[in-house]
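For the sequence shown, UniProt numbering puts the final residue at 483, and the numbers step up evenly by one.
From the three backbone atoms N, C-alpha and C, an ideal C-beta is built for every residue, glycine too.
Remember, predicted model here, so these are calculated numbers, not experimental data.
Worksheet for the structure shown next.
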Amino acid sequence: MSYLLTAPETLAAAATDVDGIAAAIHDATAAAAGRTSGLLAAAGDEVSAAIADLFNTFGVEYQAVVKQASLFQNDFARALSSAASTYAQAEALNGALVNGVQSMLAQPPTAATAAATLTDPITALIMGGTNDPIPNAKYLTNVFNRYIKPLYPGATFGVLPTPEQFWPVTPDLGTMTYTQSVAKGVSILNNAVNAQLNAPIPHDVITFGYSQSASIINNYIVQLMANGSPHVGDLSFILAAPGNNPNGGLLSRFPGFYLPILDVPFNGALPAGNPYETYVYTAQYDGIAHVPQYPLNVLADINALMGYFYVHGNYPLISAADFSQAVQLPTSPGYTGNTKYYMFLTQDLPLLQPIRDIPYAGPVLADLVQPQLRVMVDLGYNYGYADLPTPAGLINIPNPVNVAYYLAKGTLLAPYGAAVEIGVQAGLWGPEYFPTEYPWVPSTNPGLNFYFGPQFSQPSVTALSMLSGVLGDVLHIIPPIFN
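Structural data, given as structure tokens:
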């Protein structure tokens with residue numbers, strides 16, 4: 001067996017040196033151009049003229065050769081630089097899967113650890129999201145350190161390339177529609193898992209999926225359960241920003257609906273009876289994983305739409321400090337499932353982010369209205385239990401006492417917080433003086449709507465869910481015309 005050893009940092013340094021050599025050749029050539037091709041005859045005789053012509057011709061040819069050498073140096077430098085980048089990424093993507101090289105990842109765990117059940121050598125397969133079929137090294141290492149290492153410190157990890165296409169949104173990747181891309185991803189994941197389970201030294205497998213690849217995991221779990229749930233105890237899953245989040249996912253809020261042309265089926269919630277150890281991470285107000293339960297609340301809808309742009313992309317590169325603040329969500333009484341649900345609270349409403357992005361004045365202006373707006377937005381949610389599939393409903397019943405109290409409180413907190421913001425920007429004091437109570441800060445359940453128990457406040461069937469199913473059946477007739 002032969003091995004290929006590389007040192008990307010050496011290649012990068014060599015590329016810099018070679019690039020310097022190329023620059024030196026170019027400067028020397030320019031300086032010597034006149035001296036190597038402008039030789040005058042020593043005398044007026046034919047011999048002197050012939051000698052001068054000979055050396056001038058040689059000088060011209062020399063300049064041409066040096067020019068080619070300079071071009072070669074430039075190409076060689078680019079090749080070395082590209083090779084350094086390629087090898088560095090390849091090592092990060094695959095090195096750990098081959099030989100478990102993870103000493104560089106010796107950061108302390110930041111998330112709450114769990115009683116992990118996998119016992120064999122463990123391989124973590126990490127997938128990207130839409131338009132990211134092969135995540136880069138930064139994505140991989142951060143995902144491993146935040147989501148996987150706290151649960152399985154001894155695991156090795158590697159990238160699992162999947163299509164992650166969404167035609168026509170991702171034309172550069174290919175022509176697969178969302179449904180086709182997810183189906184292909186399920187097949188790839190199944191093959192990769194079986195390869196680990198059936199290796200000469202079997203490995204248990206933990207799989208991480210984000211956004212579209214979280215849907216891959218959801219569909220894979222459904223497939224496993226349809227086949228008798230094999231390998232329970234050997235498999236574990238982590239879903240970040242899943243559209244199939246039972247209480248909040250876009251694909252579970254409107255079960256049975258279908259987006260024609262784009263080919264997106266709303267296939268419902270992650271199975272409640274999932275027997276595999278599973279962890280679900282949702283960011284508050286994410287427009288894919290945490291959409292309003294009551295879509296008649298227009299403010300909540302717009303906020304979630306803005307959350308797609310300002311919140312949905314934050315999962316892979318979340319900081320250690322923010323990850324450590326993830327809140328474990330409650331599950332229904334008597335829940336005996338194997339899935340744990342976590343939420344990253346979102347301090348700044350996505351709805352106000354365009355204002356907040358205005359230099360200096362923007363954050364102050366946003367602070368003046370955000371507490372009251374947060375109350376109005378949160379009326380679009382009845383947080384409830386995380387494990388219960390909760391489709392969208394038409395009518396919520398606000399708690400007038402709580403709503404009035406928090407609106408009044410927000411009106412008092414807003415100017416105080418804005419004043420603190422001015423002081424923070426001026427360097428007069430630190431952010432520790434900001435208010436620490438709702439509605440200045442977010443909450444997983446502020447109690448703005450009455451909760452009458454799961455049967456009434458989180459019914460599995462609503463008028464909207466029945467309507468979305470009927471519409472979905474009709475819309476399935478329309479083919480994905482882009483493919």
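Query: For Leu173, which residues in the same chain have their Cβ closer than 8 Å to its Cβ, ignoring the five residues on either side in sequence?; Result: Asn131, Pro133, Pro163, Glu164, Gln165
Query: Which of the three DSSP states, helix, strand or coil, is assigned to Asp204?; Result: strand
Query: Please confirm whether Gly393 and Gln293 have their CB atoms less than 9 Å apart.; Result: yes
Query: Among Thr177, Ala463, Leu118, which one has its Cα closest to the Cα of Asp234?; Result: Leu118
Query: What are the complete beta strand (DSSP E) segments, minimum 3 residues, inside the segment 238–301?; Result: 277–283
Query: Taking the DSSP output, what are the residues bridged to Gly158?; Result: Leu125
Query: Using the C-alpha atoms, what's the distance from Ser213 back to Pro480?; Result: 21 Å
Query: Rounded to whole angstroms, what's the CA-CA distance from Pro454 to Tyr335? Just pull it up for me.; Result: 13 Å
Query: Could you tell me which whole alpha helix (DSSP H) segments of length 4 or greater appear in the segment 391–464?; Result: 400–426, 454–457
Query: Taking the alpha helix (DSSP H) that residue 485 belongs to, which residues open and close that run?; Result: Because the chain here runs from 1 to 483, residue 485 falls outside it and cannot be looked at.
Query: Give the straight-line distance between the Cα atoms of Tyr360 and Val424, rounded to the nearest whole angstrom.; Result: 11 Å
Query: Quick test of the definition: if touching needs 3 or more C-beta pairs under 8 Å, does the segment 335–346 touch the segment 260–275?; Result: yes
Query: Cα separation between Ala463 and Tyr385?; Result: 20 Å
Query: From the DSSP output, read off the bridge partner residues of Leu235.; Result: Val205
Query: Can Pro350 and Phe309 be called in contact, C-beta distance under 9 Å?; Result: yes
Query: DSSP state of Tyr310, grouped into three classes?; Result: helix
Query: For the 8 Å Cβ check, are there 3 or more pairs between the segment 303–323 and the segment 277–292?; Result: yes
Query: Looking only at C-alpha atoms, which of Pro400, Ile206, Ser468, Val291 sits nearest to Val377?; Result: Val291
Query: Express the C-alpha separation of Pro121 and Thr346 in angstroms, rounding to a whole number.; Result: 36 Å
Query: Could you spell out the range, first to last residue, of the alpha helix (DSSP H) harbouring Ala214?; Result: 212–226
Query: What does the alpha-carbon distance come out to for the pair residue 496 and Pro371?; Result: The requested residue 496 is not part of the displayed model; the chain covers only 1 to 483.
Query: Under the rule that 16 or more other beta-carbon atoms within 10 Å means buried, what is Asp357, buried or exposed?; Result: exposed
Query: Give the secondary structure of Gln180 by DSSP, where H, G and I count as helix, E and B as strand, and everything else as coil.; Result: helix
Query: Alpha carbon to alpha carbon, what distance is there between Ser215 and Ala316?; Result: The amino acid at residue 316 is misidentified as Ala; the sequence shows Pro. Each residue's Cα considered, the two are about 16 Å apart.
Query: Which residues does DSSP pair with Gln328 in a beta bridge?; Result: Tyr342
Query: Looking at the unbroken alpha helix (DSSP H) that takes in Leu365, where does it start and where does it end?; Result: 361–378
Query: Over what stretch of residues does the alpha helix (DSSP H) that includes Gln353 continue unbroken?; Result: 353–356
Query: Check each candidate in Leu160, Val169, Trp167, Gly209 and name the one with the smallest Cα separation from Asn191.; Result: Leu160
Query: If we call anything under 9 Å between Cβ atoms a contact, is Pro389 one with Asn247?; Result: yes
Query: Of the residues Met225, Leu262, Val280, Tyr276, which one's Cα is nearest the Cα of Asn244?; Result: Val280
Query: Let's test the definition: count the other Cβ atoms within 10 Å of the Cβ of Ala426 and tell me whether it reaches 16, buried, or not, exposed.; Result: exposed
Query: If you reduce the DSSP assignment to three classes, tell me which class Ile148 lands in.; Result: helix
Query: Which class does Leu93 belong to by DSSP, given the choice of helix, strand or coil?; Result: With a pLDDT of 42 at Leu93, under the threshold of 50, the predicted position of this residue should be treated as unreliable, and no value is reported.
Query: I'd like to check one pair, Pro459 with Pro391: are the Cβ atoms closer than 9 Å?; Result: yes
Query: May I have the straight-line CA-CA distance separating Thr170 from Gly185, to the nearest angstrom?; Result: 16 Å
Query: Is it true that the CB of Tyr147 sits closer than 9 Å to the CB of Ile238?; Result: yes
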